[in-house]
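**Student:**
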Amino acid sequence: MAELYNAAAPKKAANLSVNSDLLRKTRELNINLSATLERALKEELSKREAAQWAEENRAAIQSYNDFVEQHGCFGDEFREF
């Protein structure tokens, strides 16, 4: 499976708008904004890429499910549970 993103890519400055009270409370607790944002973006990117993969492969997944429903799973005759 391909990497989600290049973790070794150089950092790049970005201008963001953040709720001022949220920012104040975050700074009071010494929360690393960059690390927190990167973690949140990674999670969101992962979710969206998974959803995109599922959509792109929806027809194949449905076809497989139909086959299993009609013929059963490979190796069912050897199952002991």
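For the sequence shown, the numbering used here gives the first residue as 1308, with consecutive numbering after it.
Just so you know, even glycine gets a beta-carbon here, dropped at the ideal spot from N, CA and C.
Since the structure is predicted, the reported quantities are computational estimates derived from the model, not experimental observations.
Taking DSSP as the reference, what is the three-state secondary structure of Glu1387?
**Tutor:** Glu1387: coil per DSSP, three-state reduction.
**Student:** Once DSSP output is grouped into helix, strand and coil, what is the label at Glu1351?
**Tutor:** It is helical.
**Student:** What is the DSSP secondary structure of Ser1324, counted as helix, strand or coil?
**Tutor:** Note: Ser1324 maps to coil in three-state DSSP.
**Student:** Please confirm if the segment 1326-1335 is in contact with the segment 1370-1388, defined as three or more CB-CB distances below 8 Å between the two stretches.
**Tutor:** Touching, no.
**Student:** For Asn1372, report the span of its alpha helix (DSSP H) as first-last.
**Tutor:** Looking at the DSSP string, the run of the alpha helix (DSSP H) that includes Asn1372 is Arg1365 to His1378.
**Student:** Anyone know if the C-beta pair for Leu1311 and Ser1353 falls short of 7 Å?
**Tutor:** Yes, the Cβ-Cβ distance between Leu1311 and Ser1353 is below 7 Å.
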